[in-house]
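Chains as they are written, first to last, in the numbering used here: chain A, 19 to 335; chain B, -5 to 71.
Step one of this worksheet: look at the structure below.
Dropping the structure here:
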């Protein structure tokens, strides 16, 4: 017993920021961003909170799954940009939905959504839940240095949600962590302790792009090959690969190294930027609503990011 | 040895003759950006069997070769 996906949803803030608009703010161009990252536009919060993004995505997943909030047995939110350190984002979403079930957050950086559905699979396996909501939601715009052209052009805000019910769709998963606090880092707020003596970093995304790229490529290739084998499948069996939307160049390079036809790799980064833990459920919902997912399809989901952490899993749709 | 390997990879990547690449050739002049460089370094890591950590920005092929040679020495020692 693991789970099946009963419903999906996503939500993004209304405000769209184009590359041309960013070009007026920092020294960059639409052409540079498009070639180097693959992003054309991103949605950015103006008045929306992370909780509102998560809540709206959750409502859509619940509606698709013909489920009401009072039927939920647990809510997990995957995020690094919840509105508060406490309460956890999932608790705010529980309140907004009017649900009464337990709720908690998981921080595993960009792959946190995949870590979260694996945790969900454990609750289903132990018979503790019948319906669970797993949400990836991020307000990355809050943790960007908007004067740093190397990072502010990459990210966007958004949320994606899946409603899970009892089933056997979750076939295999792999997880890896290579502890490193330099290559990708978002420092927490410094605080005001009169006793703390260490220097503190600004609470913005800092990234070594080349090392991130190398970690991403090696992770995608290793994790996908491993998880496909663990599921007893061949690369040719995979109907669609749903990779974390970090940078289109990462996906293009991974395609060259794997024996999966390029057209099976799903990409929507051009419209949303890198939405961290939200990118996979957001893309999954788009594919689902566009009718691109068919019953029995083997989907390979993979993600990588800060930590350095990576993950992959196989879903049978 | 490292320089020749890099030159061969670059030649394959951009479709030029390896002999035309010198230590002073810049990545920019060949239309190679930082992610292209990272992609080639992944290939070099596989060929040389070492980990190469890209910590600093390098402008020329010679700088990258020197940097990698230093990392090979460090990992030997």
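The beta carbon of each residue, even a glycine, is placed where N, CA and C say it ideally should be.
Note that this is a predicted model, so its numbers are computed, not measured.
First through last residue of the beta strand (DSSP E) which encompasses residue i
i: residue 28/A; result: 20 to 29
i: residue 156/A; result: 149 to 157
i: residue 275/A; result: First-last for residue 275/A: 266 to 275, but that is the alpha helix (DSSP H), not the beta strand (DSSP E).
i: residue 59/A; result: 59 to 61
i: residue 321/A; result: 316 to 323
Within-8 Å CB hit, residue i to chain A
i: residue 53/B; result: no
i: residue 48/B; result: yes
i: residue 14/B; result: no
i: residue 29/B; result: yes
i: residue 18/B; result: no
i: residue 64/B; result: no
i: residue 35/B; result: yes
i: residue 2/B; result: no
i: residue 5/B; result: no
i: residue 68/B; result: no
i: residue 59/B; result: no
For residue j and residue i, the rounded distance between their alpha carbons
i: residue 303/A; j: residue -4/B; result: 46 Å
i: residue 320/A; j: residue 0/B; result: 30 Å
i: residue 175/A; j: residue 95/A; result: 15 Å
i: residue 78/A; j: residue 313/A; result: 20 Å
i: residue 39/B; j: residue 181/A; result: 42 Å
i: residue 214/A; j: residue 208/A; result: 10 Å
i: residue 46/B; j: residue 62/B; result: 7 Å
i: residue 290/A; j: residue 53/B; result: 32 Å
i: residue 51/B; j: residue 172/A; result: 20 Å
i: residue 120/A; j: residue 93/A; result: 7 Å
i: residue 305/A; j: residue 134/A; result: 20 Å
i: residue 197/A; j: residue 34/A; result: 35 Å
i: residue 80/A; j: residue 100/A; result: 21 Å
i: residue 57/A; j: residue 72/A; result: 22 Å
i: residue 179/A; j: residue 9/B; result: 45 Å
i: residue 158/A; j: residue 61/A; result: 10 Å
i: residue 56/B; j: residue 66/B; result: 15 Å
i: residue 29/B; j: residue 307/A; result: 33 Å
i: residue 251/A; j: residue 257/A; result: 11 Å
i: residue 292/A; j: residue 264/A; result: 5 Å
i: residue 166/A; j: residue 195/A; result: 28 Å
i: residue 45/A; j: residue 267/A; result: 21 Å
i: residue 15/B; j: residue -2/B; result: 9 Å
i: residue 49/A; j: residue 84/A; result: 44 Å
i: residue 69/B; j: residue 37/B; result: 18 Å
Contact check, residue i vs residue j, beta carbons under 8 Å
i: residue 338/A; j: residue 295/A; result: A query on residue 338/A cannot be resolved here, the shown segment of chain A reaching from 19 to 335 and no further.
i: residue 26/B; j: residue 44/B; result: no
i: residue 205/A; j: residue 220/A; result: yes
i: residue 177/A; j: residue 245/A; result: no
i: residue 151/A; j: residue 76/A; result: yes
i: residue 156/A; j: residue 230/A; result: no
i: residue 329/A; j: residue 241/A; result: yes
i: residue 17/A; j: residue 31/A; result: Given a span of 19 to 335 for chain A in the structure shown, any question on residue 17/A remains unanswerable.
i: residue 332/A; j: residue 318/A; result: yes
i: residue 24/B; j: residue 35/B; result: no
i: residue 20/A; j: residue 142/A; result: yes
i: residue 123/A; j: residue 97/A; result: yes
i: residue 22/A; j: residue 183/A; result: yes
i: residue 327/A; j: residue 139/A; result: no
i: residue 260/A; j: residue 300/A; result: no
i: residue 149/A; j: residue 74/A; result: no
i: residue 269/A; j: residue 285/A; result: yes
i: residue 211/A; j: residue 322/A; result: no
i: residue 111/A; j: residue 162/A; result: no
i: residue 32/B; j: residue 232/A; result: yes
Run of the alpha helix (DSSP H) containing residue i, from where it starts to where it stops
i: residue 194/A; result: Where residue 194/A is concerned, there is no enclosing alpha helix (DSSP H), although the beta strand (DSSP E) it sits in stretches over 188 to 198.
i: residue 239/A; result: 227 to 248
i: residue 299/A; result: 297 to 307
i: residue 109/A; result: 107 to 115
i: residue 70/B; result: 55 to 70
i: residue 144/A; result: Where residue 144/A is concerned, there is no enclosing alpha helix (DSSP H), given that its DSSP letter is neither H nor E.
i: residue 78/A; result: 68 to 82
i: residue -1/B; result: -4 to 8
i: residue 28/B; result: 28 to 42
Below-8 Å beta-carbon distance, residue i vs any chain B residue
i: residue 60/A; result: no
i: residue 231/A; result: yes
i: residue 243/A; result: no
i: residue 238/A; result: no
i: residue 172/A; result: no
i: residue 235/A; result: yes
Next item on the list: Could you name the residues of the segment 265 to 286 of chain A whose beta carbon sits closer than 7 Å to any beta carbon of chain B, in the order they occur along the chain?
Entry: Within the segment 265 to 286 of chain A, the residues whose Cβ lies closer than 7 Å to some Cβ of chain B are 267, 271, listed in chain order.
Checklist line | Members of the segment 50 to 77 of chain A that neighbour chain B once the beta carbon cut-off is set at 9 Å | finding: Cβ contacts with chain B: 53, 54.
Note to self: At a CB distance below 8 Å, what residues from the segment 209 to 230 of chain A approach chain B? Give them in sequence order.
What the structure shows: Those residues of the segment 209 to 230 of chain A that come within reach of chain B (Cβ to Cβ, closer than 8 Å) are 226, 227, 228, 229.
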